[in-house]
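Asks: Chains as they are written, first to last, in my numbering: chain A, 4 to 120; chain B, 26 to 133. In this text, a Cβ means the ideal position worked out from N, Cα and C, and glycines have one as well.
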Amino acid sequence: KAGVTQTPRYLIKTRGQQVTLSCSPISGHRSVSWYQQTPGQGLQFLFEYFSETQRNKGNFPGRFSGRQFSNSRSEMNVSTLELGDSALYLCASSLDRFGIAGLNEQFFGPGTRLTVL
Amino acid sequence: KNEVEQSPQNLTAQEGEFITINCSYSVGISALHWLQQHPGGGIVSLFMLSSGKKKHGRLIATINIQEKHSSLHITASHPRDSAVYICAVPNSGYALNFGKGTSLLVTP
Numbered sequence: 004k005a006g007v008t009q010t011p012r013y014l015i016k017t018r019g020q021q022v023t024l025s026c027s028p029i030s031g032h033r034s035v036s037w038y039q040q041t042p043g044q045g046l047q048f049l050f051e052y053f054s055e056t057q058r059n060k061g062n063f064p065g066r067f068s069g070r071q072f073s074n075s076r077s078e079m080n081v082s083t084l085e086l087g088d089s090a091l092y093l094c095a096s097s098l099d100r101f102g103i104a105g106l107n108e109q110f111f112g113p114g115t116r117l118t119v120l
Numbered sequence: 026k027n028e029v030e031q032s033p034q035n036l037t038a039q040e041g042e043f044i045t046i047n048c049s050y051s052v053g054i055s056a057l058h059w060l061q062q063h064p065g066g067g068i069v070s071l072f073m074l075s076s077g078k079k080k081h082g083r084l085i086a087t088i089n090i091q092e093k094h095s096s097l098h099i100t101a102s103h104p105r106d107s108a109v110y111i112c113a114v115p116n117s118g119y120a121l122n123f124g125k126g127t128s129l130l131v132t133p
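#1: With DSSP as the reference, label Arg105/B as helix, strand or coil.
#2: Please list the partners that Leu93/A has in chain B, where partner means a Cβ-to-Cβ separation under 8 Å.
#3: Whole angstroms are fine: how far does the CA of Trp59/B sit from the CA of Lys93/B?
#4: Per DSSP, which one or two residues make a beta bridge with Pro115/B?
#5: Residues of chain A with CB closer than 7 Å to the CB of Lys93/B, please, in chain order.
#6: What residues in the region 110-129 of chain B bring their beta carbon closer than 9 Å to a beta carbon of chain A?
#7: Could you tell me which chain A residues have their CB closer than 9 Å to the CB of Ser51/B, listed as they occur along the chain?
#8: Between Ala56/B and chain A, is there a C-beta pair that is closer than 8 Å?
#9: Taking beta-carbon pairs under 7 Å, can you tell me which members of the region 27-52 of chain A lie near chain B?
#10: Of all Cβ atoms in chain B, is any one closer than 8 Å to the Cβ of Gln9/A?
#11: Beta carbons nearer than 7 Å to chain B: which residues of the region 64-83 of chain A have them?
#12: Counting contacts by CB-CB distance shorter than 8 Å, is Leu117/A in contact with chain B?
#13: If Leu49/A and Trp37/A are in contact, beta carbons under 8 Å, what's the gap, nearest whole angstrom?
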């Protein structure tokens, strides 16, 4: 079974631009979560989607948004990029057998490393 | 919010040593995750446990729900175990709160 894939793997943008990152979950997984990882803040939860619905959102500004498609693939978008948005963005998928993503094993993708200049 | 504290922050061990990494959290939970992150970024889920102990190869994870504490043990450590180990707990059901991670270096 193929693992979680993320595209692109690396991205360089300039301040003010916007960016879209993509995540394809493991086949059969309907829950997709997004995380931001920076050296200063560590891993932080961005949002989680299940069956095209956002179930929870972390404490990030409205510039960060996402969506999930009917095939469970997910995208996240960051508008008006700031230098502080430079980070590794990880997505994770899970089977969500118990109806609560945090109680299911999560399978992580390799991440997209975003650099904002 | 469920605060997660890990210790130690950094750990250097010699090959063959027994290693323990600790994780404490502030709010009662139903499950705790241990993750491993190698240089380059990829994260692998090692354990998800809600009680007692789980073992996988040389890795052992334990949890004490009453004391809100979990430990990850590595027996007979090897240089390939060098990585960052992160503990995470559910927050509001759909999110995970992460510890800052423990950076482990195992030298030959």
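Replies: Let's see:
#1: Three-state result, Arg105/B: helix.
#2: Gly66, Ile68
#3: 14 Å
#4: Leu121/B
#5: Chain A residues near Lys93/B: none, gap ~16 Å exceeds 7 Å.
#6: Ile111, Ala113, Val114, Pro115, Asn116, Ser117, Gly118, Tyr119, Ala120, Leu121, Asn122, Phe123, Gly124, Lys125, Gly126
#7: In chain order: nothing, as chain A lies at least about 15 Å away.
#8: yes
#9: Gly45, Leu46, Phe48, Glu51
#10: The beta carbon of Gln9/A sits no closer than 8 Å to any beta carbon of chain B.
#11: none
#12: no
#13: 4 Å
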